[in-house]
Amino acid sequence: MFIQTETTPNPDAIKFIPGQAVTQGNTYDYRTAD
149 MFIQTETTPN PDAIKFIPGQ AVTQGNTYDY RTAD
């Protein structure tokens, strides 16, 4: 799968654009690597 990335106003965040549905419309926020 090819995944594009995009910067965000938050320097600690990055937007991933996979080119196909991955989460059926849900969003997720991962604040730690765990």
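So the number in the numbering used here is just where the residue sits in the sequence shown, counting from 1, plus 148. From the three backbone atoms N, C-alpha and C, an ideal C-beta is built for every residue, glycine too. The structure presented is a predicted model; accordingly, all values stated were derived computationally and were not measured.
- It is roughly 20 Å from the alpha-carbon of A181 to the alpha-carbon of Q152.
- With contacts defined as CB atoms closer than 8 Å, K163 and T171 fail to qualify as a contacting pair.
- Nearest C-alpha to Y178 among A161, M149 and F150: A161.
- The beta carbon of P166 lies closer than 7 Å to those of M149 and I151 in the same chain, with the five residues before and after it left out.
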